Amino acid sequence: GENVEQHPSTLSVQEGDSAVIKCTYSDSASNYFPWYKQELGKGSQLIIDIRSNVGEKKDQRIAVTLNKTAKHFSLHITETQPEDSAVYFCAASSPSNFGNEKLTFGTGTRLTIIP
Amino acid sequence: GAVVSQHPSRVICKSGTSVKIECRSLDFQATTMFWYRQFPKQSLMLMATSNEGSKATYEQGVEKDKFLINHASLTLSTLTVTSAHPEDSSFYICSARDPGVRSYTFGSGTRLTVV
Chain G
1 GENVEQHPST LSVQEGDSAV IKCTYSDSAS NYFPWYKQEL GKGSQLIIDI
51 RSNVGEKKDQ RIAVTLNKTA KHFSLHITET QPEDSAVYFC AASSPSNFGN
101 EKLTFGTGTR LTIIP
Chain D
1 GAVVSQHPSR VICKSGTSVK IECRSLDFQA TTMFWYRQFP KQSLMLMATS
51 NEGSKATYEQ GVEKDKFLIN HASLTLSTLT VTSAHPEDSS FYICSARDPG
101 VRSYTFGSGT RLTVV
């Protein structure tokens, strides 16, 4: 099955600086890579996603890059703000044995923005 | 965008009792919903895939008689934790896939505490 690794586990960044979180995956059949933001005690919110037919996607201060050959993808947050502080999860979607796609999550990165 | 409503957000129950958690897709029909469990400072672990009108498919190691899933309509899936024990205390999150845009939307989660 799919295995997703995420680094770093914790990241502290000065407000206004950039933050980068990296993930690797093992299943070459994975073709959809979302990123989720989870605030304390809340469910996860999709912030950006990328499909395997593109190498980069950007949405305002957030961007995701994908390297299919190396099987890794990264989340980039620029001009960080205090409200960016949260736990971020990457995920990879691959077809399961039952024909339903399922997400495999990374272990999460706790991002702290220092004012 | 797609919204998934999950209730209750918090529940405390006594050992041996059962607890039902509801997950509703509010503005789209979800033939497939996913149930995850999250332990403190850990990633989301897929428990089962809920299929409308058919039996749920459980991940390895998840007891289907312990975690009953019912997906009776295209907008509602329920997870019932039966004969709850303290070790079942956890954060449970549902997710539904909006087939129109092929994205996964998460509920706000349910924190279950078994005393």
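Heads up: the sequence lines are chains G and D, in that order. Quick note: the first sequence, position 105, residue 105 per our numbering, numbers continuous. Quick note: the second sequence, position 44, residue 44 per our numbering, numbers continuous. Quick reminder that beta carbons are idealized off the backbone N, C-alpha and C, glycines included. Small disclaimer: the values here were computed from a predicted structure and weren't measured.
- For Val-4 of chain D, count neighbouring Cβ atoms within 10 angstroms of its own Cβ and tell me buried if that reaches 16, exposed if not. Buried, because 16 or more other Cβ atoms sit within 10 Å of the Cβ of Val-4 of chain D.
- Message: Looking at the secondary structure, which residues open and close the beta strand (DSSP E) in which Leu-73 of chain G lies?
- Response: Residue 73 of chain G is actually Phe in this sequence, not Leu. That run of the beta strand (DSSP E) goes 72–77.
- Message: With a threshold of 8 angstroms between beta carbons, is Leu-112 of chain D in contact with chain G?
- Response: No, Leu-112 of chain D lies away from the interface with chain G (no Cβ there is under 8 angstroms from its Cβ).
- Item | Host beta strand (DSSP E) of Arg-97 of chain D (start-end) | Under the DSSP assignment, Arg-97 of chain D falls in the beta strand (DSSP E) whose first and last residues are 90–98.
- Query: Rounded C-beta distance between Thr-112 of chain G and Val-87 of chain G? I'm assuming under 8 angstroms.
  - Reply: Contact doesn't hold; Cβ gap of about 10 angstroms is too wide.
- Item | Below-8 angstroms beta-carbon distance, Gly-61 of chain D vs any chain G residue | With 8 angstroms as the cut-off, Gly-61 of chain D does not count as an interface residue toward chain G.
- Output the boundary residues of the beta strand (DSSP E) element that contains Thr-82 of chain D. For Thr-82 of chain D, no beta strand (DSSP E) encloses it, and the DSSP letter there is neither H nor E.
- Task: Tell me whether the beta-carbon of Gly-43 of chain G lies closer than 8 angstroms to the beta-carbon of Gly-109 of chain D.
- Result: Yes, the Cβ-Cβ distance between Gly-43 of chain G and Gly-109 of chain D is below 8 angstroms.
- Is Glu-39 of chain G helix, strand or coil by DSSP? Here Glu-39 of chain G sits in coil by DSSP.
- Identify the continuous beta strand (DSSP E) that holds Asn-120 of chain G and give its terminal residues. The question about residue 120 of chain G has no answer, for chain G in this structure spans 1 to 115.
- What are the start and end residues of the beta strand (DSSP E) that includes Asp-126 of chain G? What is shown of chain G runs 1 to 115, which leaves residue 126 of chain G out entirely.
- Nearest-angstrom Cα distance between Asp-98 of chain D and Tyr-104 of chain D? One C-alpha to the other measures close to 6 angstroms.
- Taking 8 angstroms as the CB-CB cut-off, is Leu-44 of chain D touching chain G? Interface residue, yes.
- Item | Three-way DSSP call (helix, strand, coil) for Thr-113 of chain D in this model | In the structure shown, Thr-113 of chain D adopts extended strand secondary structure according to DSSP, grouped into three states.
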